[in-house]
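Every position in the sequence shown, counted from 1, becomes a number in the numbering used here once 20 is added.
I have placed the structure first, in the form of structure tokens, so that the comments after it can refer back to it.
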Amino acid sequence: MAGRAHVLTGTPGSGKTALLRRLEVAGHAVVEVPAAPLEERAALVLLAAR
């Protein structure tokens, strides 16, 4: 899956971390990013689009 990135989102307790751990064990590269910065970036993109 070289050159591809996927974003995993969901509500608290929905299993995001458990899935990330399983992907890591399976050999996939995983980068965790706190939700707040992603939300801030999305807000900036929406503001820029206006």
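Ideal Cβ positions, reconstructed from N, Cα and C, are used throughout, including at glycine.
Same chain, Cβ closer than 8 Å to residue i, five either side skipped, listed in chain order
i: LEU40; result: LEU28, VAL50, GLU52
i: LEU43; result: VAL50
Proximal residues to residue i (C-beta, below 7 Å), its chain only, five neighbours per side dropped
i: LYS36; result: LEU28, GLY30
Same chain, Cβ closer than 6 Å to residue i, neighbours up to 5 away in sequence not counted
i: PRO32; result: none
Residue i: first and last residue of the uninterrupted alpha helix (DSSP H) it sits in
i: THR37; result: 36-45
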